[in-house]
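Here's the structure, in structure tokens; my notes come after.
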Amino acid sequence: MMGLVPSASASAQTEGESVETTLLAQTEAGGDKSPVEGVEIIVYDAVIVDRQIESTGAEVGRASSDATGYVSVALPAPGQYAVELNVDTLPAGVELVRADKQILPVEARIGQPTRVLFNLAEGDAAGAARNKTSDSVLTRGARLLFEGIIFGLIIGLCAIGLSLIYGTTGLVNFALSEQIVFGALVAYFLNSILGLNFIIAALIAFVVGGLGSAALDLGLWRPLRKRGTGLTAMMIISIGLALFLRFFFLFLFGERSRPYEQYAVQTKILFSVGPVDVLPKELIIIVVGLFLLIGTAVGLRRTKLGKAMRAVADSNDLAASTGIDVDRVVTSVWFVGGTLVTAGAVFFGLNSQINWLMGQQLLLLVFAAVTLGGLGTDFGAMVGGLVIGIFTFMATLVVAPELKNVGALLVMILILMFRPQGIFGRAERIG
Amino acid sequence: MDWNSIISNSLRSGISQQAIIFALAAIGLNLHFGYTGLLNFGQVAFMAAGAYGVGITTNTLGAPLWVGIIVGMLAGVVLGLLLGLPTLRLKADYLAIVTIAVGEIIRLVVRAAVLSDTTGGSNGINGFANSFQDWNPFNNSATYGFRLFDRINLEFSGADVWELLVGWTLVLLSVFVVWRLIRSPWGRVLRSIREDEDAATALGKDVFRFKMQSLILGGSFGTLAGIFYAVQQNSVQPDNYATQQTFFALTAAILGGLATIWGPVVGAMLFWIILSFTENVLIELIDNNIMPDSIMERSQVGPVRFMLVGLTLMLLMIFRPQGIFGDKREIAIDERK
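First to last, the sequence lines map onto chains X and S. When you number the first sequence by this note's numbering, it's gap-free, plus one each residue, and the end is 498. When you number the second sequence by this note's numbering, it's gap-free, plus one each residue, and the end is 945.
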């Protein structure tokens, strides 16, 4: 691997994978930036989870910046790396604005250079820049709120899928976590392996996720209902299914996290609202997510199928006696639920990355959202999702980011203690 | 294909420390689910409470090992109270969701970097149970056991024999406790709660109290499993206490047979025999180039054996919910709400 270390020349790597950056230092607060020459960057193998470097391995290569500040290191293959700026090689007076950003995680993409950004500044400018990055609580709060809303929409989509299925069949579906991974993987396969445009891939994945979900109902859950299998037994069967699928996806996909092809590294800011910078992909998630959530709520109340779904949820027998084909309605619910869950999954993958554990990461938060809103209510699941999403992100203002899910789970337990039917649930649903 | 080593490894797994841990955890789950009808999906939380109870008391606070073991057991009891109070009056689904959530909360908290002074963060706690090996009466440099038909290797080191002896003694004691309790009036109340909570209440039984006792006692077997795991490994690692461990133990309990005395123990032994057999056969197939790399590489053996666990759990619940030894009428899971 050491043979791949390029000379520290300006010749850019135009083919193959590489990491590149242009080192510019701010010379005075608010002023121009000038290139920094002769600074070394070092690239290591790494494992990255959730945009954080989990561990670093062997050195892959190193190089120093040229007169324009440009530096590039060739990589042996696409994948996860850590890029370190050697602070000992910085010229006198120039420093990193944020000391904790000395090593950056990189997900190198196939056949093209991947850019990283080190924020450098000289003397006083460094202090001023530092003040800007360590923003006030209010500014950070606004950004976290925005991220929380996006995450809340993702959870809400999954929660409404879980809730619809629970409402009509009474099943607490633990395999939802793997339906999440399935949907995200279908979109990944279409987008990154077959090379389809992301939006087309996502739309196809929505349908495939729904069909897969309906197929599960036809092939597994409906026969089980027919033979009178109890709900507890079905819940445990869903756990078995989840374990089987989870490790099947690991078998197929491996442990590594992967991004979708477009939108993976997207730094172009669409517009800003106060301190909040909105990226194109974030706008997509918000618009499509809201459309799907509101569409589901309206559809359940206005369309014939939606009304039938609610009738089945109220009482299987009464619905059947009014001539509703309960089996068909339940399969439709599985389709709609699967589609919504896939939408949540694809958005989650778009917002961060996809990996075989993403379903598990989301599942408990989805349970929390559903419990908070009230099991079996569509509106509750949406609101619960938003509350959990926002709470999870805002919690990082006070607790370490690695503990952000703990708060959401504690909220769920508290709600169960004082209002077990959830905010919008009916008390009679509880035993 | 080296069948001698495949069979040796599988048999050794069946009586291994892992089988002991799963047997203890499954005995607890059996008391919860098999006898009382409680859905505890967070047995791993009890295991973690025990393991970290020992680890923190001995390593961080510097107490002797036996104090740590007592603290670990107490931690399990406290956890049972905390879990039971908000959930035992609610529908079974809620206990399931809360227990699974608490298991995850504990894992996230103990692996957090901010607490690494106490819990060791993601590195866990190591080297706190040296005195357990000091008590070992066997000779560590000698091997004990025999070779079956001169081929099947059932020889163990002194340290292994000591761990297995302590572990299986704990399992036998736990089985004895459950056996005595289930034959007692107390055990009959538990089973009546499983069959019909309202009927038990109508007979004047304080259902909540009995459920709580069952939750704590069954959890204590899980706590014991966690303590044994920690002491035997001389280490506590947070990621060994992931959610799926509960489901693996549940699979073992259902495999042997819920609501039977020996079901969880036999289930745990079989679970590890099957897991080890699958792994060893697959590795031999790959190493001897019988299985082409295009189908499966060595790194994919791990996932395949856990796929098998999931499949086993599904098929058991669909076709034989009473497992090997169970009585279908006792596993009234189909009629239960």
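All C-beta atoms in this analysis are idealised placements derived from N, C-alpha and C, irrespective of residue type, glycine included. Only a predicted model underlies this, so the values are computations on that prediction, with no experimental measurement involved.
Limits of the beta strand (DSSP E) - the one that residue i falls within
i: N638 (chain S); result: From DSSP, N638 (chain S) is part of no beta strand (DSSP E); its letter is neither H nor E.
i: Q93 (chain X); result: L91 to Q93
i: D155 (chain X); result: Where D155 (chain X) is concerned, there is no enclosing beta strand (DSSP E), given that its DSSP letter is neither H nor E.
i: A188 (chain X); result: L187 to E189
i: A756 (chain S); result: Before going on, a small fix: residue 756 (chain S) reads as Leu here, not Ala. From DSSP, the beta strand (DSSP E) with L756 (chain S) extends over T751 to L756.
i: D56 (chain X); result: Given that chain X is displayed from residue 68 to residue 498, the structure contains no residue 56 (chain X) and the question cannot be resolved.
i: S339 (chain X); result: F338 to V340
i: V454 (chain X); result: First-last for V454 (chain X): D445 to M461, but that is the alpha helix (DSSP H), not the beta strand (DSSP E).
i: T181 (chain X); result: P180 to R182
Where residue i falls: helix, strand or coil (DSSP)
i: K100 (chain X); result: strand
i: P487 (chain X); result: coil
i: A175 (chain X); result: strand
i: V706 (chain S); result: helix
i: V466 (chain X); result: coil
i: T135 (chain X); result: coil
i: P900 (chain S); result: coil
i: I835 (chain S); result: helix
i: Y660 (chain S); result: helix
i: Y327 (chain X); result: coil
i: D394 (chain X); result: helix
i: D112 (chain X); result: strand
i: G498 (chain X); result: Here the model assigns G498 (chain X) a pLDDT of 37, short of 50, so the residue's position is not dependable, and the following value carries that caveat. Correct three-state label for G498 (chain X): coil.
i: I421 (chain X); result: strand
i: V379 (chain X); result: helix
i: P143 (chain X); result: coil
i: G440 (chain X); result: helix
i: N734 (chain S); result: strand
i: Q119 (chain X); result: strand
i: I713 (chain S); result: helix
Residue i at chain X interface by Cβ criterion, 8 Å
i: F914 (chain S); result: yes
i: F855 (chain S); result: yes
i: Q626 (chain S); result: no
i: I926 (chain S); result: yes
i: Y702 (chain S); result: yes
i: P929 (chain S); result: yes
i: P911 (chain S); result: yes
i: T708 (chain S); result: The question names Thr, but residue 708 (chain S) is Ile in the sequence shown. It does: the Cβ of I708 (chain S) has a partner Cβ on chain X nearer than 8 Å.
i: T644 (chain S); result: no
i: G946 (chain S); result: Since the displayed chain S opens at 609 and closes at 945, residue 946 (chain S) lies outside it and no answer follows.
i: E712 (chain S); result: yes
i: G918 (chain S); result: yes
i: P694 (chain S); result: yes
i: Q908 (chain S); result: yes
i: A633 (chain S); result: no
Within-8 Å CB hit, residue i to chain S
i: I480 (chain X); result: yes
i: M425 (chain X); result: no
i: I303 (chain X); result: yes
i: G498 (chain X); result: For G498 (chain X), the predicted structure reports a pLDDT of 37, less than 50, and the residue's modelled location is therefore unreliable. The matter cannot be settled from this model.
i: E469 (chain X); result: yes
i: V110 (chain X); result: no
i: V408 (chain X); result: no
i: L477 (chain X); result: yes
i: M484 (chain X); result: yes
The ligand ZN heavy atom lying under 7 Å from the CB of residue i
i: L337 (chain X); result: Because no ligand of any kind appears in the structure shown, any question about the ligand ZN cannot be addressed here.
Cross-chain neighbours of residue i in chain A, by beta carbon under 7 Å
i: M922 (chain S); result: Looking for chain A here will not work: the only protein chains present are X and S.
CB-CB length for residue i against residue j, believed under 8 Å
i: V400 (chain X); j: T235 (chain X); result: 5 Å
Residue range of the unbroken alpha helix (DSSP H) whose run includes residue i
i: T695 (chain S); result: L673 to T695
i: V779 (chain S); result: G766 to R791
i: P872 (chain S); result: G871 to D895
i: V161 (chain X); result: Where V161 (chain X) is concerned, there is no enclosing alpha helix (DSSP H), although the beta strand (DSSP E) it sits in stretches over V161 to L163.
i: R207 (chain X); result: V204 to T236
i: S305 (chain X); result: L298 to F320
I'd like to know if the region 700 to 709 of chain S and the region 640 to 655 of chain S are in contact, where contact means that at least 3 CB-CB pairs between them fall below 8 Å. yes
Segment contact, 8 Å Cβ cut-off, at least three pairs: the region 447 to 455 of chain X with the region 214 to 227 of chain X: yes
For the region 455 to 466 of chain X and the region 426 to 438 of chain X, state whether three or more C-beta atom pairs, one from each stretch, are separated by less than 8 Å. These segments touch.
Counting pairs of Cβ atoms below 8 Å between the region 471 to 481 of chain X and the region 243 to 250 of chain X, do you hit three or more? Output reads no: the region 243 to 250 of chain X does not touch the region 471 to 481 of chain X.
Could you say if the region 826 to 843 of chain S and the region 673 to 683 of chain S meet the contact criterion of at least three C-beta pairs nearer than 8 Å? yes
Touch test, the region 887 to 902 of chain S against the region 861 to 868 of chain S, Cβ-Cβ under 8 Å, three pairs minimum: no
Between the region 248 to 255 of chain X and the region 469 to 476 of chain X, do three or more beta carbon pairs fall short of 8 Å? no
Can at least three beta-carbon pairs, one atom from the region 901 to 920 of chain S and one from the region 623 to 642 of chain S, be found at a separation below 8 Å? no
Could you say if the region 335 to 350 of chain X and the region 870 to 883 of chain S meet the contact criterion of at least three C-beta pairs nearer than 8 Å? no
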